[in-house]
Amino acid sequence: IGIMLTGVIGLAVWLLLIINRRHLSARGTRTVSAPRHSTVSYEFAKSNGHSHKMKKSGIGLLLSTPILMCFLFFVMLSMSQGGLSTFAVAAFVSVQDMSLRESQMALTVFLVGSAVGVLLGGYIADRTRHHEWVAVTGFLVTAVVVFGVGNILLSAGWVIAAMTLAGLNFGAIMPSRDMLVRAVTPEGSMGKVFGFVSTGLNLGGAITPVFFGWLMDQGEPRLLFWFSPVFMLLATVTVLAARFSQPKEAADLKT
């Protein structure tokens, strides 16, 4: 109940911001307007190399396309992982006719693989500027593997091996996820942006047990291995939308 309330509160705040977007944006515009002949603010922005991104701050920044896409990215990320973490054991028992112990092992190696994948992903993130493609590749591989283990009859050993691979790829996304948020965030705004987009995890965490639990109650455990990949594919869309909705000069600055 606490998790669901947290997600609902996060959604309520987000909807409130959307409803008041026009008013708040107009107010922000009046606040930052400067005299026509003033050159101080222009020179300051120019000297810092990102005058375009400085036009938005506060609520206007949080409601900008790149930040909203990051928010949705966190929602999709939470839903894709949450469904597997919560219901994979029961689904494997039903779909693959695995024993309870084998199903638990499949979930365990996925979670352990995710932890190891975070370490590998950090190594990769230090050596690339194209964090969006790291995330896209990780999501695509994980989506294909998860879809396969739920729709192709496999032995328990193959399921466990596949879930290990899925966990490694899913975990490798995490460092690049944070770098992507950093890439679309102006200097001095990291705290509020991360706070805002992180509510997406709470929202996804509130929706996931209700949605996937309902599927299980309908006798459709196989759909877990359809919808989790779908959420991963939607996450790739939000990643690319967040990255390429930036002005080119701003993206170059951050990378």
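Position one of the sequence shown corresponds to residue -12 (the working numbering), numbered consecutively onward.
We treat Cβ as the ideally placed atom computed from N, Cα and C, and that holds for glycine.
Among residues of its own chain, excluding the 5 on either side of residue i, which ones have a beta-carbon nearer than 7 Å to its beta-carbon?
| i | result |
| --- | --- |
| residue 168 | 57, 180, 181, 184 |
| residue 70 | 195, 199, 211, 214, 215 |
| residue 96 | 147, 150, 151, 154 |
Would you call the CB atoms of residue i and residue j closer than 7 Å?
| i | j | result |
| --- | --- | --- |
| residue 82 | residue 90 | no |
| residue 52 | residue 232 | yes |
| residue 66 | residue 178 | no |
| residue 123 | residue 186 | no |
| residue 157 | residue 101 | yes |
| residue 176 | residue 48 | yes |
| residue 212 | residue 137 | yes |
What are the boundary residues of the alpha helix (DSSP H) that residue i is part of?
| i | result |
| --- | --- |
| residue 172 | It is not in any alpha helix (DSSP H) - residue 172 carries neither H nor E in the DSSP assignment. |
| residue 68 | 52 to 82 |
| residue 118 | 118 to 138 |
| residue 104 | 87 to 112 |
| residue 230 | 211 to 231 |
| residue 142 | Premise fails: residue 142 is in no alpha helix (DSSP H) and is neither H nor E. |
| residue 195 | 177 to 204 |
| residue 47 | 46 to 49 |
In chain order, what residues of the same chain lie with their CB nearer than 6 Å to the CB of residue i, ignoring the 5 residues before and after it?
| i | result |
| --- | --- |
| residue 230 | 119 |
| residue 228 | 56 |
| residue 221 | 63 |
Can you tell which of the options has its C-alpha closest to the C-alpha of residue i?
| i | options | result |
| --- | --- | --- |
| residue 50 | 193, 217, 171, 153 | 171 |
| residue 155 | 129, 192, 206 | 129 |
| residue 151 | 114, 141, 104 | 104 |
| residue 111 | 95, 226, 160, 64 | 160 |
| residue 270 | 78, 45, 46 | No answer is possible for residue 270: it lies beyond the span of the chain, which begins at -12 and ends at 242. |
| residue 166 | 226, 202, 69, 71 | 226 |
| residue 149 | 132, 137, 158, 163 | 132 |
| residue 203 | 75, 68, 126, 135 | 75 |
| residue 134 | 125, 209, 106 | 209 |
| residue 85 | 220, 201, 142, 218 | 142 |
Exposed or buried, residue i, counting other C-beta atoms within 10 Å across all chains shown (16 or more means buried)?
| i | result |
| --- | --- |
| residue 144 | exposed |
| residue 93 | buried |
| residue 139 | exposed |
| residue 146 | buried |
| residue 206 | exposed |
| residue 35 | Confidence in residue 35 is poor, its pLDDT being 46 and thus under 50, which makes the residue's placement unreliable; the coordinate value appears in the next sentence. Looking at its Cβ environment, which holds fewer than 16 other Cβ atoms inside 10 Å, residue 35 is exposed. |
Within the same chain, show all residues whose beta-carbon is closer than 8 Å to that of residue i, passing over the 5 residues directly before and after it, in chain order.
| i | result |
| --- | --- |
| residue 188 | 61, 62, 64, 65 |
| residue 98 | 72, 154 |
| residue 87 | 76, 80 |
| residue 243 | The question about residue 243 has no answer here: the residues shown for the chain are numbered -12 through 242. |
| residue 219 | 63, 67, 126, 127, 129, 130, 133 |
| residue -12 | Here the model assigns residue -12 a pLDDT of 44, short of 50, so the residue's position is not dependable and the matter cannot be decided. |
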